[in-house]
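The structure under discussion appears below in the form of C-alpha cells.
Numbering (UniProt numbering), first residue to last: 1 to 542.
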C-alpha cells in the first residue's frame, strides 16, 4: 500500500492516532503491569499487534467484524486495541462482572465474531456460547476449546498490516442498560472516537506539569478507563496496568511507582478517602486525579483534597464520550465550585433545551435539558434505534437527558436527570440538590433521593442514606441539618439510614436509580419489609 493510499484510508480515524504513537522511539515503554514484571516498548507493541492482526485476518475475520473483550485490566488489552485497528475490526468491551445470560444478550445483539476473555470470564462464557462460528481466545494459560492469546501472537507474521478504515466505520460498541434495564449497544464511529481521544489528550496535556505521564490504569478498560490508554501514548507516556481496584494498593502504587495521572470514579475516591494509606498522596508524583462517572461525594472530595491538589473533574456520556467538560485543578481548589462539571473542552458545544428551543446562549441559572454537539456522539444505539432518533435533534444537537444550567463564567452544572425530576404539589424538585445537602454533612458517605407516591402532594422525596455510624440520634441530627440547608417542600418525608453502602447493580460502579427507587417505594408501602440494617426516619415537610 502506498503512503498516499494509507493516508487517505486512515484520515480522521483512530488509526491515524495509532500511527502517530508508533512513530515514537521504539524503545519507549508503552505499557507495563503494576508489578513491573511485564513491560512492552512501542516497538514491541507495534510488532505484537501486527502479528495478532495478521492472525485475525488469517482466521477469516473481515473488516467490520465485532470482537468482544470481556476481562479485567490486562497488558494484552493494549495489544488487542492496536491489532483491531490494524485489521479493521470493531471492539466490543463488556464488563466481566455481567452474568452469563447478560453477556450472551450483548454478544447476540452485536453479532460478535470473536471473543477475547481472561480465565474467569471464559468460565462464564462457556455456559452460554454454543455457536461454533464464534472464535474464542483466552488470555493467560490454556483452556479447552479456546485459542491462546500468546500463541496467536507468536504464530502471526510480524509484517506491518493496515486494512483501510474510514471515519464513518465503527470503532467500538459499548453496552449500557440505561433506564430500561435492556442492553443497548452504543456505536461510536472512528470519527467520533478520534474526537473523544483527542479531547482526553487535551485534558491530560493541560492538567498538570508532567509532559510524559505515567498513567495508572486501574479503572476498568471496558468502561471509561479505556479512553485514557491512547491519550497516554500520544502524550509520550506509559500505561501502568492494574487488574482491579483496591484502595490501599492503589495508593501504594501511586506513591511507589511514580504515577502522575489516574482516572477514578467517585466510588473509588470514597474508598481512598477512608484508607489509612491516604497520606502517601502528599509525597507522591501524582499531578492529576481525574474524576468522572457521577457526581463526587463532597466528604470524599474534602478528605482527599487535604492530601493532594491534583483533583480535576470531567463529564461525559457513554453516548458522547469521553471528557466533554473540564473543571480544572485551580477551580477544584474552590469548594464552592465542586458541584460544577466545568466548561466544555475544545471541539464540544453545549446548549440548553428549554421548551423545545435550543438556547446556545442561555441566561445564567436557566434550567433545562443539556444538549451537546460533538463528533463523538453515537451513530446509533443497537437495540434502541428509536431512542437514538428521538435524542438526535436538528443541526447535530444530542439530548443528554440531564437537566442543568450555566453560571456567569460559563461553567456547567447538572441538577439531575429529566426522568428523575420529582413533582410535588406542582413544584419541580431535583434529587441532586437534596443529595448534595445530605452529603455536605460530615457523617454522610452517600445519599440517593427518589420520588415516591404521596396521597396529598402527588409525589414526595424519599432518601436512602449511607452514614459512617448509625445511632438513635442520627435521624434527628440529619433532620436538623436539612432544615438549615433546604426549604421544607424539598426535605424528604422518608429517610432510610444504613451504615452499609448503598447497593449497586451487577457489574456497575454507578447507583442504579431505578432499582433504588423500586426498593425505597417498597419500604414506604410495606415498612415490615425493611431489612435489619436499615432504619427509617419519618420527617415533617414544614
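Just so it is clear, CB atoms sit at the ideal spot from N, CA and C, and this is done for glycine as well.
Continuous beta strand (DSSP E) stretch holding residue i: start and end
i, result
"residue 175", "170 to 176"
"residue 106", "Per DSSP, residue 106 belongs to no beta strand (DSSP E); it is in the alpha helix (DSSP H), 100 to 110."
"residue 405", "398 to 406"
"residue 517", "Here residue 517 belongs to no beta strand (DSSP E); instead the alpha helix (DSSP H) covers 513 to 525."
"residue 534", "534 to 538"
"residue 263", "261 to 264"
"residue 222", "Counting along the chain, residue 222 falls outside any beta strand (DSSP E), and DSSP gives it neither H nor E."
"residue 359", "357 to 359"
"residue 257", "Looking at the DSSP string, residue 257 is not in any beta strand (DSSP E), and its letter there is neither H nor E."
Helix, strand or coil at residue i according to DSSP, with G and I counted as helix
i, result
"residue 503", "coil"
"residue 50", "helix"
"residue 33", "strand"
"residue 329", "helix"
"residue 468", "coil"
"residue 67", "strand"
"residue 458", "strand"
"residue 284", "coil"
"residue 1", "Since pLDDT at residue 1 reaches only 39, below the 50 mark, its modelled position is unreliable, and no value is offered."
"residue 545", "Nothing can be reported for residue 545, as the shown portion of the chain is limited to 1 through 542."
"residue 494", "strand"
"residue 6", "Caution is warranted here: a pLDDT of 47 is assigned to residue 6, below 50, making its placement in the model unreliable, and no coordinate value can be reported."
"residue 274", "coil"
"residue 164", "coil"
"residue 378", "coil"
"residue 348", "coil"
"residue 228", "helix"
"residue 599", "With the chain running from 1 to 542 in the structure shown, residue 599 is simply not present."
"residue 250", "helix"
"residue 368", "strand"
"residue 446", "strand"
"residue 143", "coil"
"residue 323", "strand"
"residue 59", "coil"
"residue 436", "helix"
"residue 394", "helix"
Buried versus exposed call for residue i [16 or more other C-beta atoms within 10 Å across all chains shown]
i, result
"residue 169", "buried"
"residue 239", "buried"
"residue 500", "exposed"
"residue 517", "buried"
"residue 329", "buried"
"residue 531", "exposed"
"residue 124", "buried"
"residue 317", "buried"
"residue 229", "buried"
"residue 360", "exposed"
"residue 135", "buried"
"residue 59", "exposed"
"residue 266", "buried"
"residue 157", "exposed"
"residue 380", "buried"
"residue 154", "exposed"
"residue 37", "exposed"
"residue 458", "exposed"
"residue 476", "exposed"
"residue 141", "exposed"
"residue 217", "buried"
"residue 425", "exposed"
Range covered by the alpha helix (DSSP H) that runs through residue i
i, result
"residue 481", "474 to 485"
"residue 241", "Careful: residue 241 lies outside any alpha helix (DSSP H), inside the beta strand (DSSP E) at 238 to 241."
"residue 200", "190 to 206"
"residue 152", "149 to 155"
"residue 135", "From DSSP, residue 135 is part of no alpha helix (DSSP H) but of the beta strand (DSSP E) over 135 to 139."
"residue 386", "385 to 391"
"residue 123", "119 to 126"
"residue 22", "14 to 22"
"residue 305", "298 to 305"
"residue 86", "76 to 87"
8 angstroms contact criterion, which residue i and residue j should meet: CB distance rounded
i, j, result
"residue 327", "residue 307", "Residue 327 to residue 307, Cβ: 19 angstroms. No contact."
"residue 429", "residue 461", "6 angstroms"
"residue 347", "residue 374", "6 angstroms"
"residue 450", "residue 472", "Actually they are not in contact, since the Cβ atoms of residue 450 and residue 472 sit about 25 angstroms apart, beyond 8 angstroms."
"residue 78", "residue 114", "Contact doesn't hold; Cβ gap of about 18 angstroms is too wide."
Discussion item. Does the region 104 to 119 come into contact with the region 60 to 68, if we say contact requires no fewer than three beta-carbon pairs (one atom in each stretch) closer than 8 angstroms?
Written reply: Yes, since at least three Cβ pairs between the region 104 to 119 and the region 60 to 68 fall closer than 8 angstroms, the two stretches touch.
Discussion item. Check whether the region 197 to 211 and the region 303 to 322 are in contact - that is, three or more C-beta pairs closer than 8 angstroms.
Written reply: Segments in contact, yes.
Item to complete: Determine contact between the region 364 to 373 and the region 349 to 356, defined as no fewer than three beta-carbon pairs at a distance below 8 angstroms.
Response: Short answer: they touch.
Practice prompt. Please determine if the region 290 to 310 and the region 442 to 450 are in contact, where contact requires at least 3 C-beta pairs separated by less than 8 angstroms.
Written response: Taking 8 angstroms as the limit for Cβ pairs, the verdict is that the region 442 to 450 does touch the region 290 to 310.
Discussion item. When you compare the region 221 to 237 with the region 15 to 25, are there three or more beta-carbon pairs, one atom per stretch, that lie closer than 8 angstroms?
Written reply: Here the region 221 to 237 lies against the region 15 to 25, with 3 or more beta-carbon pairs under 8 angstroms apart.
Practice prompt. Please confirm if the region 75 to 94 is in contact with the region 152 to 163, defined as three or more CB-CB distances below 8 angstroms between the two stretches.
Written response: Segments in contact, yes.
Worksheet entry | Touch test, the region 455 to 469 against the region 519 to 528, Cβ-Cβ under 8 angstroms, three pairs minimum | Yes, they touch.
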